[in-house]
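Residues 11 to 899 in the working numbering are what the sequence shown lists, from first letter to last. Glycine included, each C-beta is placed from N, C-alpha and C at the ideal position.
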Amino acid sequence: MIGLVLMSLMKTGDAAAQSACEQPFGDVGTAYYARYETGRTDWEALGPLIARARRCFGEARTAAHAQLYDYEVSVLSLQRRFAEADSVIGVFFADFASVAAPDVVARMHLRRAYLYSRRGRTADRLHEYAQAAAMMAELPPREAAQALSRMGTAYRTVGDFYTAQRYLTQADSIFSALYVEDPVQYGPLLGRVRLRRAEILIHEGERGDRTPADLLRRARPLLADALRLIPPTPAEAYIRQQALLWMVLMLRLSEEPQVALAYAEEAHRLNRLVSASYPVGETWAWRSEGDIHLDLGNHALAAAAYERARTLAQASNELGEERQAEVGLGQVAEARAVDLAGYRQAEAHFRRAAALAERRRASFGTHDWSASAWESAQKPYRHLTRVLLKQGRPAEAFAALDATRARYLRDLRRLASLQNRLDLADRVRLDSLNEHLYEVRYALGARDLPIARRSELNGELLALQRQIEALMEFAETDPDSLDVSALQRSLADNNQVLLSYFFDEESAFVFVVRSDTLLAVKLATSEAALREDLAQVSSLWSLDDPEAVASAPSFNLRPLERIYDALVAPIRAEIPSEAALVIVPQGVLSRFPFGLLLEAEHPPYEYATAPYLFRSHRITTELAAGLLLETTSVSERALPMLALGRSRFGGLRPGPFRDRDAPRLPDLPAVEDEVRQIHRRLGGLEALNETATEDFLYAHLGEARLLHLASHAFVDPILPLYSRVVLWGSSEGNDDGTLYLYELQGRAVAPELVVLSGCSTARGRTRVGEGMMGMQYAFRAMGTRSVLATLWQIEDAATVDLMDRFYVHLRRGLAKDEALRQAQFDYLDSHEGREASPFFWAAPVLYGNTDAVSLEMPAPSARLWIPVGLLLVVIGLALSRFLRRAAHG
C-alpha cells in the first residue's frame, strides 16, 4: 500500500526528477511509515533522508516534492521543533500548495492549525480548520473523522456550539460507518465523539440559550451510546469516567438525583484505574457526589464530598477543581444558614473561590478564547453577590457583580494600549513565556503522570502565569475594588441614574445607583419569563430562532407593558424625571432596546403615539459600571467626520473564505445617499465604493473624531475582533476589502464615536459578564469611547432618515444619547401606521460615553495666521506697485 502511494506521487511532475529521485523519495516514505507502524521514536533519523531527497528534486515543483514538506513538518513537530515546522509550512503554501496532492494540502492546513493552537492563536487555528474542512473528502475516512473531531473540540473551546456540533456530527457519521466494519477498533472513537456532542448539548442547557429540557433529552441517548461504546479497560477508563460524570450532570439537571447517584458511584469505582493518569477524574467524581447530596438536602454528606474534592485538588494544584469545590462548600453553608453568621461562612467560601478564579484568569491573558474560559469561572461572583444581598450589604454586592462584567473587554483595551508601549525585548520575552507556558500545559496533558510531578508542573504553570501577568499588567481584581463614591460623582456630573440588572437561579434584582443612593430591589421576574414576553413582541426575540428578522414589521406592544412593570415600575420612584438612564443589562436584556418599554397601557399596534420609556429619559447602554470611570483622552482631530460606504457588491460572497454555498451579498443602493448626505451635513471626508478601501481608512482614521461605516457587516459572535466590514478591495498591496477589527489593533486610531449602520452590527453572542459581543464590542475593545450600532437589520430608507437626523442633532451640540432620542422623535413625528413600527427606528443603540462630540472644523491657531498675514502684506505691496506703474505707463 505504501509503495502504491509513493508511486502515484512520483507520476506527477518533471520526468527527469521523477526518475532520479524515486529512490531517495521512497526511502523517506518507507522510513516514515515504518516508525508509525512500529512505534519507533528516532524521528531525527529522517532529517538526512529528507535533505537528500530535497537536493535531488532541486527546483522541480512536483507532488512528490510537496509531499516531502508534509513529512518534514510532521517529523519536526514530533521532535517539538515547532518554530522550524512553522517555517517549513510557510514555504509549502508559498511554493508547493498548487502542485501538492489534495490530501497533502488538507493535512498541512491541519498541521498549521495545531501550531497556531500552541501559540493561543485560536482564530487563526479556526481559519486553518475551515480551509481543511472543505477538503475532508480527500483524506482517508479515519483521518478525516479524527480531524473533524478535533475541529469540533476547538469550536467548543471558544463557545461556538453550533459549528462544533456540525463538525462532530460529520465525524460521527464517518465513525459510524467504520464501526460497522470494525466495532472493536472504532467503538471507542465513536463513543468519544458522542460524548463530546452530549457535552455541548448539556452546556447549552446550563446556559439557557435554548430550551433546556429539549437539549437534555437529546443528550441522554448520546451519553448512553458513549457508555455502551467505551469499555472500562485501563486504556479507556478515564474517558468512560468522563462519560459517567457528564451523565450525572445531565440527570441532575433533569431532576433525577437518585439515578445520578448510581452513576456517580460507578465513576468512583474507576478511580483506581484513573487516579494516576487522570487525577482530575477522582476530584470531579467527589464534587459530583457533593452536588447530588446538595440537591437531595443531605448537607453533611455534601460537605464531606466537597471537602474531599478540595483536598485532592489542592494536592495536585488544580485551581479549577479547587474553585468549584469551594463553591460547593459555600452553597452548603448558604443552604444551612439561619442567621448572618451562616451567610458570612458562605461568603468566605465564595470569596476564596473568586480569588482562585482570578488566579486562573490571569493565565488567560487576552487569548482570543479567554472570554469563553472566563465565562465558566464567574459562578463564585454571582453566588457572592447573592449572599451579600441576603446580608443586607447592597454596595458590596454591586461591586462583586460589577467585578465580573466586561473583564475581557477591559483586558483587550489594556492590550491595545500596551501594544504601543511594549518594546521589542519585552515582546520577545512575552512570546518566550507563552511558548514555555504551552510546553508545561502539554506536559500536564500526558497520561500516567505521577501526582508529585503533576503538582510540580502546576506550580511551574502558576509561576509562568505570574510572569506573564506582570509583563502584561494584568492584575487580580478584588470583588470590593469598585470605587462606588467615584461612580456616584460621575453619575451626578452627568445627571444619570444607573440600573444594573442581576439574574441567577434563585432571584432577580436591579441595583439603582444615583449620586446619593445605592440600593438593590428584588424583582418578581426571571430571565425565562422575560424571554417568553419578548418572543411575543416580535420574532426578532424568538427563542427557537434567535436570528430571525420579522417578515413584516409587526410589533405587539402589549408585552412591553408587562416587561416595564417587571423591570422599571418597582423602582420608578427612584428615577428623577429629568435623569438620563445608563442600563447595564444581563442576558436576554442585552438583545433588547430598553427605550422601547411602555410606561402605560396602550393599544398594541398603535405605534406612533405609544408611551415609550425613551420619551421620558435619555438612555444609553454600558457593559459594566466600572467602564464609566475609565478615562480615555480624546486627542485633537482635524477632521470632524470620516464616512465610508459600499453600495455595490457584484454578487460577492461574504466569506471570510468566500464560501461557495454562502448567499451573495445584495447591493445597498441607499448607502450612497446616506454617505453623501452625512458629508453634506458635517463635512470631513467621504469615500464610496471604489474609493472606500482599507488603505483610505488607515490613511485618515487617525485624523477623524467620528467614523461612519455603511456597508454589509458580519459579527463574529465568538471572536469579536474577527468581526468584519466589507469595504472595497484594492488591486495593489494586501487590501482585500475586508476590514477585520483585529487589523486595527496596535494603531492609534480610536475615534471618539463610531457609527455602524450595517446589518445587526450590535448583535452577537451574549456571554456571561461580557454582554452582547457584537461589532460595537470590538470597537470598544479598540479604545473607542462610544459606538452607535443596530440590534437588527432595518430598511435602507429608514437608516438614511435616522442617521441624518442623528447627525443634525449631534451638530447642534446635543449629547449623543439625546441626539439619538431626538432623531427617534423626528422619525415618529413624520411617520404613522405601519411605518411607525419600532422595527424601523428602535434598532440603533448607543453604547458607552454620552458626551457631546464637536463636529466643527478646528479654528487655525494664531501662529498659523502670522505667515498668512505676511504673505497678504507682500501680495498687497506688489499689487500696489504694479498699479502705480500701470498708471504712469
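- Setting aside the 5 residues that flank it on each side, Leu608 is surrounded in the same chain by Leu567, Leu570, Glu571, Tyr574, Ala620, Pro621, Tyr622, each with a C-beta closer than 7 Å to its C-beta; the list follows chain order.
- Scanning Val85, Pro151, Asp105 for the CA closest to the CA of Asp113 turns up Pro151.
- Of the residues Leu125, Trp551, Ala583, Ala496, the one whose Cα lies closest to the Cα of Val522 is Ala583.
- Exposure of Arg238 is indicated by the presence of fewer than 16 other C-beta atoms within 10 angstroms of its C-beta.
- The straight-line gap separating the alpha-carbon atoms of Glu317 and His359 is approximately 12 Å.
- Sixteen is the threshold: since fewer than 16 other Cβ atoms of the shown chains lie within 10 Å of the Cβ of Thr321, the residue is exposed.
- Ranked by Cα distance from Gly660, the first of Asp80, Leu737, Ala697 is Leu737.
- Apart from sequence neighbours up to five positions away, the residues of its chain that approach Leu88 with a beta-carbon distance below 7 Å are Trp53, ordered along the chain.
- Listed in chain order, the non-local C-beta contacts of Gln180 below 6 Å within the same chain comprise Leu158, local neighbours out to five positions each way being set aside.
- The beta carbon of Ile99 sits closer than 8 Å to the beta carbons of Tyr79, Val83, Met118, Arg121, Arg122, Leu125 from its chain, once the five residues preceding and following it are set aside; these are given in chain order.
- For Arg135 and Arg362, the gap between their C-alpha atoms comes out near 35 Å.
- For Gln506, the enclosing beta strand (DSSP E) begins and ends at 506 to 513.
- Contact annotation: Gln477 and Leu443 have beta-carbon atoms nearer than 7 Å.
- Here Ser847 is buried. Its C-beta has 16 or more other C-beta atoms within 10 Å.
- In the structure shown, Ser796 adopts extended strand secondary structure according to DSSP, grouped into three states.
- Residues of the same chain with a CB within less than 7 Å of the CB of Ala534, apart from the 5 flanking positions on each side, are Ala576 in chain order.
- Look at Trp738 here: in three-state DSSP terms it is strand.
- Rounded to whole angstroms, the gap between the alpha carbons of Gln341 and Ser183 is 42 Å.
- Using a 10 angstroms sphere on the CB of Lys389, the tally of other CB atoms reaches 16 or more, which defines it as buried.
- Cβ atoms of Leu637 and Ala496 stay farther apart than 8 Å, at about 13 Å.
- A residue is called buried when at least 16 other Cβ atoms come within 10 angstroms of its Cβ; Glu265 does not meet this threshold and is exposed.
- Residue pairing of His612 in beta bridges, as defined by DSSP: absent, with no partner found.
- Between Glu713 and Ala648, the beta carbon gap of about 5 Å places them in contact (Cβ cut-off 8 Å).
- The DSSP-derived three-state label of Glu704 is helix.
- Short of 7 Å from the beta carbon of Ala760, and not among the five residues preceding or following it, lie these beta carbons of its own chain, in chain order: Met792, Gly793, Thr794.
- Nearest C-alpha to Arg601 among Trp551, Pro613, Tyr617: Trp551.
- Here Pro222 is not bridged, per DSSP, to any residue.
- Distance between Phe724 and Leu766, taken at the CA atoms: about 11 Å.
- Here Leu350 is exposed, its C-beta having fewer than 16 other C-beta atoms within 10 Å.
- Unbroken alpha helix (DSSP H) stretches of 4 residues or longer found wholly inside the region 169 to 219: 171 to 191, 193 to 217, given in chain order.
- Spanning the alpha carbons of His819 and Thr860 requires a straight line of approximately 13 Å.
- The beta carbon of Tyr177 lies closer than 6 Å to those of Leu158, Met161, Gly162 in the same chain, with the five residues before and after it left out.
- Between Ile629 and Gly605, the CB-CB gap stays under 7 Å.
- Pairing Ala589 with Ala93, the inter-Cα distance amounts to about 58 Å.
- For Ala407, the closest of Arg715, Ser510, Leu692 by C-alpha to C-alpha distance is Ser510.
- Residue environment for Lys532: exposed (fewer than 16 other C-beta atoms within 10 angstroms of its C-beta).
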